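Structure, as structure tokens:
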Amino acid sequence: MKVKLKVWRQKDRNSPGEFKTYESPALNENMSFLEMLDVVNEELANKGEEPIAFDHDCREGICGTCSCVINGKPHGPHRGVATCQTYMRSFKDGDTIVVEPFRAKAFPIIKDLVVDRKALDRIQFAGGFISVRTGSAPDANSIPVPKENADLAMDAAQCIQCGACVAACKNASAMLFVAAKVSHLGLLPQGQPERYKRVKAMVAQMDAEGFGACTVTGSCEAVCPKEISLDFIARMNRDYAVALLKGDPKPISGGGAG
Amino acid sequence: MATLNSNVPSGPIAQKWEQYKFNTKLINPANKRKYKIIVVGAGLAGSSAAATLAELGYEVHNFVFHDSPRRAHSVAAQGGINAAKNYQNDGDSVRRLFYDTIKGGDFRAREANVHRLAEVSVNIIDQCVAQGVPFAREYGGLLDNRSFGGAQVSRTFYARGQTGQQLLLGAYSALAKMIGAGAVKSYTHAEMLDLVVVDGHAKGIIVRNLQTGEITRHNADAVVLATGGYGNVYNLSTYARGSNATAIWRAYKRGACFGNPCYTQIHPTCIPVSGDYQSKLTLMSESLRNDGRVWVPKKKEDCKKRPQDIPEEDRDYYLERMYSAFGNLAPRDIASRAAKMVCDEGRGIGETGLGVYLDFADAIQRLGESKVRERYGNLFAMYHEITNEDAYRTPMRIYPAVHYTMGGLWVDYNLMSNLPGLFVLGEANFSDHGANRLGASALMQGLSDGYFVLPATISGYLASQNPGKRPKTDHESFKEAEENVQNITKKLLNNKGKRTPASFHKQLGKIMWEYCGMARNKAGLEKGIKEIAALREEYWKNVNVLGGAGEWNQQLENAGRIADFLELGELMCRDALHREESCGGHFREEYQYTKDDPEVQQGLVNPGDVKRRDDAFAYVAAWEYAGSVDKAPILNKEPLVYEEVHMSTRSYK
Ligand SMILES: Cc1cc2nc3c(=O)[nH]c(=O)nc-3n(C[C@H](O)[C@H](O)[C@H](O)COP(=O)(O)OP(=O)(O)OC[C@H]3O[C@@H](n4cnc5c(N)ncnc54)[C@H](O)[C@@H]3O)c2cc1C
Ligand code: FES
Numbered sequence: 003m004k005v006k007l008k009v010w011r012q013k014d015r016n017s018p019g020e021f022k023t024y025e026s027p028a029l030n031e032n033m034s035f036l037e038m039l040d041v042v043n044e045e046l047a048n049k050g051e052e053p054i055a056f057d058h059d060c061r062e063g064i065c066g067t068c069s070c071v072i073n074g075k076p077h078g079p080h081r082g083v084a085t086c087q088t089y090m091r092s093f094k095d096g097d098t099i100v101v102e103p104f105r106a107k108a109f110p111i112i113k114d115l116v117v118d119r120k121a122l123d124r125i126q127f128a129g130g131f132i133s134v135r136t137g138s139a140p141d142a143n144s145i146p147v148p149k150e151n152a153d154l155a156m157d158a159a160q161c162i163q164c165g166a167c168v169a170a171c172k173n174a175s176a177m178l179f180v181a182a183k184v185s186h187l188g189l190l191p192q193g194q195p196e197r198y199k200r201v202k203a204m205v206a207q208m209d210a211e212g213f214g215a216c217t218v219t220g221s222c223e224a225v226c227p228k229e230i231s232l233d234f235i236a237r238m239n240r241d242y243a244v245a246l247l248k249g250d251p252k253p254i255s256g257g258g259a260g
Numbered sequence: 129m130a131t132l133n134s135n136v137p138s139g140p141i142a143q144k145w146e147q148y149k150f151n152t153k154l155i156n157p158a159n160k161r162k163y164k165i166i167v168v169g170a171g172l173a174g175s176s177a178a179a180t181l182a183e184l185g186y187e188v189h190n191f192v193f194h195d196s197p198r199r200a201h202s203v204a205a206q207g208g209i210n211a212a213k214n215y216q217n218d219g220d221s222v223r224r225l226f227y228d229t230i231k232g233g234d235f236r237a238r239e240a241n242v243h244r245l246a247e248v249s250v251n252i253i254d255q256c257v258a259q260g261v262p263f264a265r266e267y268g269g270l271l272d273n274r275s276f277g278g279a280q281v282s283r284t285f286y287a288r289g290q291t292g293q294q295l296l297l298g299a300y301s302a303l304a305k306m307i308g309a310g311a312v313k314s315y316t317h318a319e320m321l322d323l324v325v326v327d328g329h330a331k332g333i334i335v336r337n338l339q340t341g342e343i344t345r346h347n348a349d350a351v352v353l354a355t356g357g358y359g360n361v362y363n364l365s366t367y368a369r370g371s372n373a374t375a376i377w378r379a380y381k382r383g384a385c386f387g388n389p390c391y392t393q394i395h396p397t398c399i400p401v402s403g404d405y406q407s408k409l410t411l412m413s414e415s416l417r418n419d420g421r422v423w424v425p426k427k428k429e430d431c432k433k434r435p436q437d438i439p440e441e442d443r444d445y446y447l448e449r450m451y452s453a454f455g456n457l458a459p460r461d462i463a464s465r466a467a468k469m470v471c472d473e474g475r476g477i478g479e480t481g482l483g484v485y486l487d488f489a490d491a492i493q494r495l496g497e498s499k500v501r502e503r504y505g506n507l508f509a510m511y512h513e514i515t516n517e518d519a520y521r522t523p524m525r526i527y528p529a530v531h532y533t534m535g536g537l538w539v540d541y542n543l544m545s546n547l548p549g550l551f552v553l554g555e556a557n558f559s560d561h562g563a564n565r566l567g568a569s570a571l572m573q574g575l576s577d578g579y580f581v582l583p584a585t586i587s588g589y590l591a592s593q594n595p596g597k598r599p600k601t602d603h604e605s606f607k608e609a610e611e612n613v614q615n616i617t618k619k620l621l622n623n624k625g626k627r628t629p630a631s632f633h634k635q636l637g638k639i640m641w642e643y644c645g646m647a648r649n650k651a652g653l654e655k656g657i658k659e660i661a662a663l664r665e666e667y668w669k670n671v672n673v674l675g676g677a678g679e680w681n682q683q684l685e686n687a688g689r690i691a692d693f694l695e696l697g698e699l700m701c702r703d704a705l706h707r708e709e710s711c712g713g714h715f716r717e718e719y720q721y722t723k724d725d726p727e728v729q730q731g732l733v734n735p736g737d738v739k740r741r742d743d744a745f746a747y748v749a750a751w752e753y754a755g756s757v758d759k760a761p762i763l764n765k766e767p768l769v770y771e772e773v774h775m776s777t778r779s780y781k
């Protein structure tokens, strides 16, 4: 099979970009979408044209690096998979495929299809953790966790931080991402002490990074390669409301008689 | 010659680590912040180390070539992590995990390191659970376990099919807290391209910013490399595409010895190669062998039949037949070689004949489809996406693929290289797995090194360095290293040849797989060495790298990494050539058991199993750079002394 590619090319963060069209060489339908891009790139390079920059690493749907919008959909036509798990058998001979980067104000373009998603890390730095100094943990089986809670926490923890939810949302909101992180930790007994502090800090950082508001259109859930449920957003909203009610903890003066 | 001293503390093995920690020099809290430590890498080893060192009060700078610490290749681990918790009450203990790992490594690992790893394993699980790692649990709320190859107990902890991501998210969250608190400075899209050595000590690195191309110098009191394995020298592997050897290779060229480079692990259960365009091979977790049965047809003529048309009596469940005690859970090296053997006999399945079946029909009948789905659902889904086949209905097709490198930079008991001040953790070092790593033990080692071992051992070195006296970045050694990096970049960009870097990588991969893969022999290795040298020469004449130095340039990044693979590949072949024995993953065709050997007649091993030569090769081969790639590297030997476990024939029958 052969396809025609309409690809976003942009030299760097500050240059304007444009679509360019390329004809693929003969392809095999068992190729992955990224292997198709490899083949196209080798051909471009052999002609002395700069290859299309695209992000990828594990190529098995777990690192969250790959990030193409394919025919208008982040991660392409199928539900529950990442770009790297999209195969050419999903397209037909002669198709035109439009390939763009994940677009959002908080994700500046680095080059072509590669965007900078460090804003998501900064949300994590603000509070996406349980504070436990190395070596201070009790025996792992000392706190049983009901299987249902553990399984639900695991559902949320599957998020691969790819940012497809942001790219799919008309408001470029990062709510599904933050909700997944907040819910994963907030569902476990270990996560309780910092539960409300965490949600407030992460939401504040999300706002500061310029992600939009959530209007619950559900487009995020539809493109999530790990099919993270919208329910987690509702859960986070509840936690956030409680956190606001609780207000900031009063500082208690330290020291002591010693 | 380098000086190799393993620095293993004296005393009974079970007390060495405790005693060591008691004897080691401590640094007072006020002085800790005067020491700056560079940690390169944020996989399980790097992020756990960076977070823990920062908690202790050191100034930590962390570098990754990825856009985020959470994307390190550790994220891709599927199956699980071992620990001697004995929560199943099935007879596990620190001693047993230690023994299994030594035996699994075919008596080519250092005893004291392995014992420490087994001791620390229990603390790792505690730490991870406290961080919120959602390990699988039983209905009563306690942690669940599964079995992995090379063990007869259930000691593997797991989180669905994505244990690596969950453990990494745990370590990343610890790191995130420290970054948020300003205790770790995190550099992302930052690739280390050289190690700076001042007066024989590692004191800094040279880094390229992948977004802007800017080259910068960074000094430190100690440098920690946790940069992962080098299996991508084979081009096709289960590694992430970005995994590479540049950090450790350039450290090697600055004087760090490279331990056992030829020890590579070929994993038995991967999806077979389907075409020349292929960019990576996908692992199907070893955990599948808990319930899946491996077989090929007994008769060659059945190979092209549909598996469901081959009756039970015409199937050869060869692992169960050959290794009855461990069956489908035979260790990786053994299972891989057995697969190769049956395919070489012409009994392989699939289009290429390079494949065997992994069949779940029995498990589905025994447990029900929903239980199998609960255990392995995401792996079956992954298999379906790639092959378009439904493994609930028809057996999976699998074949061995390059998966892990047991070799790496040589380190002593402190995890310090022969270059003082250079520490190496995780898959990047050579230390704990001997000639074959058992499943679920790499995650354990990475976290053991990073959370518990390095934070205790690094103070011994730092105590010997005056606080606040690290060399400045205007030192001559920094200047020279930066020039070296600039020159490599210039050379690649100005070469203007005719071939893409990727085409060389593919070619190198084929040479390595052919001559330094699952089976090796003298003539092949000699040929491989010549072909690699010729390919390297052509590379520097004919490679073409487009674009510029001062921009995002993936071709340039890759070109530098491939240049290093072209040198490392040769060293691997040299190591494999010099090691005239078979052990673990290193199978020299000249050294295997035959039906005439007493061990075969006693039923300990099968004909074709690896034959060690302890009299001549019970040592770590630590190769030292001779100052130029054209000069033969220098071989240093660290003898392996077994005081606890008797070196015996490795039997899984
Ligand atoms: C598909 C797959 C499945 C696996 N499953 C299991 C399993 O179930 N159980 C198990 O125990 N093991 C498993 N393993 C092995 C295990 O995952 C790895 O050995 C381990 O995670 C390596 O961790 P690490 O921290 O040493 O390195 P990595 O996780 O590879 O991290 C390397 C880090 O170094 C950085 N880096 C590298 N070079 C540079 C440079 N030059 N400059 C700057 N930064 C650099 C990278 O950015 C990255 O952060 C699996 C491996 C694979 C391939
Ligand atoms: S490349 Fe890792 S998720 Fe796609």
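Sequence order for the protein chains is F and R.
Quick note, the first sequence lines up with residues 3 to 260 if you use the numbering used here.
Quick note, the second sequence lines up with residues 129 to 781 if you use the numbering used here.
C-beta: ideal position from N, C-alpha, C; glycine also.
In this text the structure is predicted, and so the values were computed from the model without any measurement.
Residue 130 (chain F): contacting residues in chain R (beta-carbon distance under 7 Å): 301 and 304
Exercise. Since residue 193 (chain F) meets chain R, which of its residues come closer than 7 Å, beta carbon to beta carbon?
Worked result: 260
- Given residue 754 (chain R), which residues of its chain have a CB within under 7 Å of its CB, disregarding the five upstream and five downstream residues? 760, 761 and 762
Residues in the same chain with beta-carbon distance under 7 Å from residue 345 (chain R), minus the five sequence neighbours each way, listed in chain order, please. 332, 334, 601, 606 and 610
Can you tell me whether residue 786 (chain R) is buried or exposed, with buried defined as 16 or more other CB within 10 angstroms of its CB?
Chain R is shown from 129 up to 781; residue 786 (chain R) falls before or after that span and cannot be answered.
Q. With respect to the alpha helix (DSSP H) encompassing residue 586 (chain R), which residues constitute its N-terminal and C-terminal limits?
A. 582-590
Q: List the residues of chain F whose Cβ lies closer than 7 Å to the Cβ of residue 516 (chain R), in chain order.
A: 91
| Nearest to residue 582 (chain R) by alpha carbon, out of R:129, R:130, R:143 and R:174? | R:174
>> So, at 7 Å on beta carbons, what are the nonlocal neighbours of residue 549 (chain R) in its own chain, with the 5 sequence-adjacent residues on each side left out?
In response: 329, 330, 331, 350, 351 and 589
On the CB-based measure, 16 or more other CB atoms within 10 Å of its CB, does residue 393 (chain R) come out buried or exposed?
buried
For residue 43 (chain F), does the three-state DSSP call read helix, strand or coil? helix
I want to check one thing, is the minimum distance from the CB of residue 559 (chain R) to the heavy atoms of ligand 1 below 7 Å? no
- Give the interface partners of residue 145 (chain R) over in chain F, defined as CB-CB distance under 7 Å, in chain order. Simply none; closest approach about 14 Å.
| said: Rounded to the nearest angstrom, what separates residue 176 (chain F) and residue 217 (chain F) at their Cα positions? | reply: 11 Å
Classify residue 468 (chain R) as helix, strand or coil using the three-state DSSP reduction. helix
- Could you name the residues of the same chain whose beta carbon sits closer than 7 Å to that of residue 653 (chain R), not counting the 5 residues immediately before and after it, in chain order? 643, 644, 701, 704 and 705
Cβ-based neighbour list, residue 210 (chain R), same chain, cut-off 6 Å, excluding 5 preceding and 5 following: 283, 284, 568, 569 and 572
Check: Within 8 Å (strictly less), CB to CB, does residue 167 (chain F) reach chain R?
Finding: no
Within 10 angstroms of its Cβ, does residue 121 (chain R) collect 16 or more other Cβ (buried), or is it exposed? Given a span of 129 to 781 for chain R in the structure shown, any question on residue 121 (chain R) remains unanswerable.
Mind pulling the chain F residues with CB within less than 8 Å of residue 254 (chain R)?
139, 140, 141 and 142
inquiry  = Run through chain F and tell me which residues come within less than 9 Å of residue 579 (chain R), C-beta to C-beta.
reply    = 136 and 137
Cβ of residue 192 (chain R) within 8 Å of Cβ of residue 318 (chain R)? yes
Report task. Apply the 10 Å Cβ neighbour rule to residue 240 (chain F) and answer buried if 16 or more other Cβ atoms are within range, or exposed otherwise. Result -> exposed
Q. Nearest to residue 228 (chain R) by CA position, among R:200, R:256 and R:277, is which residue?
A. R:277
Is the beta carbon of residue 67 (chain F) within less than 7 Å of some heavy atom of ligand 2?
-> yes
- Query: What did DSSP end up calling residue 318 (chain R) once you bin it into helix, strand or coil?
  - Reply: strand
Determine the chain R residues that contact residue 127 (chain F) at a beta-carbon separation under 7 Å, and present them in chain order. 304, 307 and 308
- [ ] Tell me whether residue 418 (chain R) counts as near ligand 1, meaning its Cβ is closer than 7 Å to at least one heavy atom of that ligand.
- [x] no
Open item on the list: My parser needs the alpha helix (DSSP H) runs of 4 or more residues fully inside the stretch 541-580 of chain R; what are they?
Closed with: 570-575
Query raised in the report: Can you check whether the CB of residue 422 (chain R) is closer than 8 Å to the CB of residue 482 (chain R)?
Result: no
Next on the checklist: Just list the residues that DSSP pairs residue 788 (chain R) with in beta bridges.
Outcome noted: Residue 788 (chain R) is absent from the model: chain R starts at 129 and stops at 781.
Inset, instruction - Can you pull the chain R residues whose beta carbon is under 7 Å from the beta carbon of residue 133 (chain F), in chain order? - result: 305
message: One question on the structure: do residue 564 (chain R) and residue 234 (chain R) come within less than 8 Å of each other, judged by their Cβ atoms?
response: yes
Residue 198 (chain R) classed as buried or exposed, judged by whether at least 16 other C-beta atoms fall within 10 angstroms: buried
- Message: Whether or not the stretch 229-239 of chain F and the stretch 177-197 of chain F are in contact is what I'm after, with contact meaning three or more pairs of Cβ atoms, one per stretch, closer than 8 Å; do they touch?
- Response: yes
- Query: Using the beta-carbon count (16 or more within 10 Å), is residue 71 (chain R) buried or exposed?
  - Reply: Limits of chain R in this structure are 129 at one end and 781 at the other, which puts residue 71 (chain R) out of reach.
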